[in-house]
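I have placed the structure first, in the form of structure tokens, so that the comments after it can refer back to it.
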Amino acid sequence: MRFALGLMFVVACGGKSNPPATNEPPAPDRGSSVAVQQETPPDCARSGCSGTICTEPENQVMTTCEFRPEYACYDNATCERQTDGKCGWTQTTELQACLASPPPMK
1 MRFALGLMFV VACGGKSNPP ATNEPPAPDR GSSVAVQQET PPDCARSGCS GTICTEPENQ
61 VMTTCEFRPE YACYDNATCE RQTDGKCGWT QTTELQACLA SPPPMK
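Numbering (the working numbering), first residue to last: 1 to 106.
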């Protein structure tokens with residue numbers, strides 16, 4: 001009886017196991033072209049106690065923990081890679097106007 005159950009299990013599940021999956025892409029065929037992906041720098045990150053520093057993710061910094069009215073302007077600002085390749089705040093008209101006349105502190 002055990003033998004019959006074991007045999008049914010092997011038949012139902014298959015006798016061989018599949019090879020483990022790999023994360024490597026398949027090798028290209030000879031003669032085919034392969035596109036080389038250029039590495040793009042990682043996204044930028046907000047840093048500092050008040051989140052007012054826009055920097056490379058690996059360059060996180062700690063600042064003093066105070067609050068100034070203009071810091072609220074950075075809540076909706078965009079921290080991203082700029083045209084010079086460095087991280088920084090995108091100087092939109094909204095951000096510039098907010099920094100020129102920050103909202104009152106709550």
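Ideal Cβ placement from N, Cα and C applies to all residues, glycine included. Here the structure is a predicted model, which means the values were calculated and not measured.
Item, Value
"Quick one: Cα of C73 to Cα of T93, how far?", "12 Å"
"How about L95 and E70: do their beta carbons lie closer than 7 Å?", "no"
"Is it true that the CB of C79 sits closer than 7 Å to the CB of C54?", "yes"
"Could you tell me the alpha carbon to alpha carbon distance between Q82 and A45, rounded to whole angstroms?", "13 Å"
"Please go through the segment 44-71 and give each complete beta strand (DSSP E) segment of 3 or more residues, from N-terminal end onward.", "45-47, 53-55"
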